[in-house]
Structures are given as structure tokens and as C-alpha cells.
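So for the sequence shown, our numbering puts the first residue at 2; every next one is plus one. Every residue, glycine too, gets a C-beta built ideally from N, C-alpha and C.
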Amino acid sequence: MNMLKQLNAAIEYIEENLSAEFKIDTEAKIACVTADSFIRFFSYMTGMTLTEYVRRRRLTLAAQELQESKTPIVEIAVKYGYNSATAFSRAFTKQHGITPAQARDPHQSLKIYSPVSFHIIIKGAKEMDFKVIEIKEKKVLGISKCIGGTSSERFGAEHIMWADNCENIPSKICCSYDGIWYGIFENGNYVIARDQENVAGTNLETYFIPGGTYAVFTTQSGGYAGDELPQLHDLIHNSWIKNSGYRQIGDFELEVYHLCSDRAERQRKRYYEIWIPIESIQ
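So, in C-alpha cells, the structure goes:
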């Protein structure tokens, strides 16, 4: 385990110096390996070069600073290693898909990368499509079930509720999959629901999604919910929350499913979101 401690200490050194100059020889010395060995090992384990990782982390912190402060863009550019606002804007737009000026809007979606950490498995260093939004309380109708258990047990119970060869609760709510569905987890209960105008079932339960500030994480299109949501959930809770400057409010998570009735189209276009109610700890 000393090797893991040394590697993570090297990553901590990088994190502490993202707004300053740092030397690969120092990182390697902390990790007790040669500089070449550290570079090769990092690339092999994370799937990206050390240089790319540092760039992504710096642009992640720069985006957060743009949204949370009024510091001039050129000062943020210099802070994170860019000699000009033009070079910073080019790199920023490539990663986030928006300009630094547009990122001032706290409701814009960002591509953020959590710090890598070495464990028995590798956590972090993965792209997360992330944004912070404000919503008003929303009324939805659906069917609930007490599922409790660990995260893995919870997702297994959710699958049973969604599957058409098991409980197939969606069919009891609406005959069409087109549009947005909600999976609401709170205090051991799970609700499958839709907006009132999209339901056709009877004797459905009324549920209110609380208003407030949410961190929203979005998957790529085409994936299977049983794979995508547990992976995204793990990344959020094991990497993002610990380094975000936010805390989760209560035992509540909202899954948002974007689905289609046509199976072929659904498999191609479906994507999912996890919404976490948050508050700043800064």
C-alpha cells in the first residue's frame, strides 16, 4: 500500500500546484520512481498523458472560478498557465464547448474532470458533463416502492421496477415512453414518475420534486441505464463531491430519463441525468 500512498501524494502535489509551476522530477521523487516511469505509468493507468490531465484539471478549476468569482478572464488565464486570453479561450472552448465569457453564466453546462486518485481501481480523471441549475418545486405523478439497501442493491431494485419482463411500472403510468421520465430516490423509497400532462394511469401517487439548487450530470447518448447510472453515481460520490466545494442536501437524488417509444430509436438516442441537491460549503 506504500506505493499507492506515494502515487496519491504525487497527485496531491500536482493538485496543490495547478496554479503554479511544478516539476515532473519532483512528482516522480514523491512517487519514488523515475520521471519517465511516472509519466508512462500515469498514461497507462488513466488513458491520458500527464500533460493532458493537468490541462483538463486546470481548465476545470478555471471554469469553476469563472462561475464563482468576478476575477477578470485574463487573470484567470494567467493563473492557470496561459500567456494570452486568446490561447486560454481556445483551450477552454475545446474542453467545455463554450467560451470563458459564456461560462460566467452559472447555468451553463461544463465538461469537468475530477482529480485522479489511485486505489485498487482508478477513480476520477473521467469527463463529466456537469452544470448547476435552479428549479422550482415540480409536481409529478407515479408509483413508489421501498427499496433501501446499498447503492448496488438499489440499482438492482430500480431495474426490476423499470423492466418490462418484471414489474414494468412505466406501463402502469403511461403507454408511451416518448419524453422525460423521473426516477426519484429519497430516504429508501424509489418513485418512477412523469409530469402530470404525460400520464395516463389511474390511482397514481402525487410527488413533489423539491425546488432549489441542483448539480446536474449527463451521460452520453445510447447507453443502458443499468450500466450508465451506477457508474455515474459512483463517479459523483467518490470523486466529484469530495472536491467540488458543495455538499449534498439530504438523502435525495433525481434520475432523469430521456426516452423514446421506438426501441431502435431509444437505444440510439436515450440518455440519462443524475440531479443532486446541493449547497455551497465555501
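- The beta carbon of glycine 98 lies closer than 8 Å to those of Ser110 and Lys112 in the same chain, with the five residues before and after it left out.
- Taken through DSSP and simplified to helix, strand or coil, tyrosine 247 comes out as strand.
- Secondary structure within the stretch 48 to 119: the beta strand (DSSP E) runs of 3 or more consecutive residues, fully enclosed, are 111 to 114 (chain order).
- Judged by beta-carbon spacing, phenylalanine 253 lies within the 8 Å limit of phenylalanine 186, meaning their Cβ atoms are closer than that value.
- Per the Cβ contact rule, the stretch 171 to 184 is in contact with the stretch 192 to 199 (3 or more Cβ pairs under 8 Å).
- A check of alpha carbon separations from arginine 264 across Gly224, Tyr215, Tyr81 and Ile136 identifies Gly224 as the nearest.
- Contact check for phenylalanine 218 against phenylalanine 93 fails: the beta carbons are separated by 8 Å or more.
- Judged by their CB atoms, asparagine 190 and cysteine 147 are nearer to each other than the 8 Å cut-off.
- Only residues of its own chain outside the window of five on either side were considered, and among them His108, Tyr215 and Val217 have a CB closer than 7 Å to the CB of isoleucine 134, listed in chain order.
- Following the DSSP letters along the chain, one finds leucine 142 inside the beta strand (DSSP E) bounded by residues 139 to 147.
- The continuous beta strand (DSSP E) containing leucine 260 extends over residues 253 to 260.
- For arginine 195, the enclosing beta strand (DSSP E) covers residues 190 to 196.
- Straight across, the Cα-Cα distance linking glutamine 68 with lysine 80 is about 16 Å.
- If you compare the alpha carbons of Ser20, Leu8 and Leu142 with that of threonine 27, the shortest gap goes to Leu8.
- The Cβ neighbour count for alanine 63, taken over all protein chains shown within 10 Å, is at least 16; the residue is labelled buried.
- Residue burial annotation: phenylalanine 89 is buried, with at least 16 other C-beta atoms found within 10 angstroms of its C-beta.
- Taking a C-beta distance under 8 Å as the contact criterion, arginine 271 and leucine 255 do not qualify as a contact pair.
- Partner residues in the beta bridge of glycine 180, as assigned by DSSP, are Leu260.
- Across the structure, leucine 51 and lysine 139 are spaced so that their CA atoms are roughly 44 Å apart.
- When the Cα atoms are used, alanine 36 and lysine 95 turn out to be separated by approximately 29 Å.
- Residue burial is scored here from C-beta neighbours: cysteine 167 has fewer than 16 other C-beta atoms within 10 angstroms and is therefore classed as exposed.
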